[in-house]
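For the sequence shown, the residue numbers in the working numbering are 517 to 734.
By construction, the Cβ of each residue, glycine as well, lies at the ideal position given by its N, Cα and C atoms.
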Amino acid sequence: LSDVAQAFDWSSVLTNRILVTASVFILLLMLGDLFKLMPALFYSVGRSRGIASLEYNISISRMRDRFAALCILPFCLIVDRFSLYDPAFLAPLAPEWKTPATIGVMVAYLCLRLVGSAIFCPRHLGRDAVVSARKCAYTFFILLCFLMILSTALLSVFSVPEHTVRIVLYSEIALFFPCSMVRTAQFLSGQCSNLATFLYLCGLELLPAALLLLSTLI
517 LSDVAQAFDW
527 SSVLTNRILV
537 TASVFILLLM
547 LGDLFKLMPA
557 LFYSVGRSRG
567 IASLEYNISI
577 SRMRDRFAAL
587 CILPFCLIVD
597 RFSLYDPAFL
607 APLAPEWKTP
617 ATIGVMVAYL
627 CLRLVGSAIF
637 CPRHLGRDAV
647 VSARKCAYTF
657 FILLCFLMIL
667 STALLSVFSV
677 PEHTVRIVLY
687 SEIALFFPCS
697 MVRTAQFLSG
707 QCSNLATFLY
717 LCGLELLPAA
727 LLLLSTLI
């Protein structure tokens, strides 16, 4: 009953209704492009050289970037709906501002990645390699987002308890995040030394993720 009440409270918020409707409409509108993009995404995930080949295909690369930006909305909706990110500083906000605030945190996290990439980027690494390494996570994020959407839909149909749904969603995030880092490290290992790769990954992925986690603990 508490799960049903929480779901009703969340879905009754006007902002959430509008954002969910917009998210569904946008994803349906882009569904045709998604089928064109999927082979390149799976190739990039399966092979480290696929990261560079995806960036060389400008039309596919731009399509991937658009989808990654569009996936921020459904991802943040799921995060807010199941309280996957619930720091104390968001508690005073009214319900209609919780999801927009979560989106704002996501944007701040992406900005931290950009800053970390600029600061810790190896000097001898070419611009194309830097862009490919930084955007590798976009590919994994798109696949993660659609997996979370599918998982949420299926588990909701079978009335799985919310704490179980949260465990599943956390597990999916915990699986895709290190996989993204490993694939990025494999790509960078052919471009620079192991130390430079480690330092770059610290600035690009580990430091922003640590700050995000720290914001939930303080």
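DSSP places isoleucine 658 in the helix class (H, G or I) of the three-state scheme. In the three-state reduction of the DSSP assignment, cysteine 708 falls in the coil class, being assigned neither a helical nor a strand state. By the Cβ-count criterion, asparagine 532 is buried, with 16 or more other Cβ atoms from all chains shown falling within 10 Å of its own Cβ. Judged by DSSP in its simplified three-state form, isoleucine 734 adopts coil rather than helix or strand.
A direct Cα-Cα distance of roughly 24 Å separates alanine 649 from cysteine 592. Fewer than three Cβ pairs drawn from the region 668-688 and the region 604-621 lie within less than 8 Å of each other, which leaves the two stretches out of contact. Taking the Cα of serine 672 as reference, the smallest distance to any Cα among Ile594, Ile542, Leu530 and Ser539 is reached at Ile594. Annotation for threonine 732: Pro603 place their beta carbon closer than 6 Å to its own, counting only its chain and skipping 5 residues before and after.
The Cβ atoms of cysteine 587 and phenylalanine 693 do not sit closer than 8 Å to each other. For cysteine 637, the three-state secondary structure derived from DSSP is coil. Leucine 660 and threonine 700 have their C-alpha atoms roughly 16 Å apart.
One thing to note: alanine 645 has its Cβ within 8 Å of the Cβ of glutamine 707.
Secondary structure in the region 571-648: the alpha helix (DSSP H) runs of 4 residues or longer, each lying completely within the stretch, are 574-597 and 611-636 in chain order.
Around the Cβ of methionine 664, a 10 Å sphere holds 16 or more other Cβ atoms; the residue is buried. Inter-segment contact for the region 715-726 and the region 568-587 is absent: fewer than three beta-carbon pairs are separated by less than 8 Å. Between threonine 668 and serine 560, the CB-CB gap reaches or exceeds 8 Å.
Cysteine 627 counts as exposed, since fewer than 16 other beta carbons sit within 10 angstroms of its beta carbon. Taken through DSSP and simplified to helix, strand or coil, serine 675 comes out as coil. Below 8 Å, enough C-beta pairs join the region 722-729 and the region 613-628 to call them touching: three or more.
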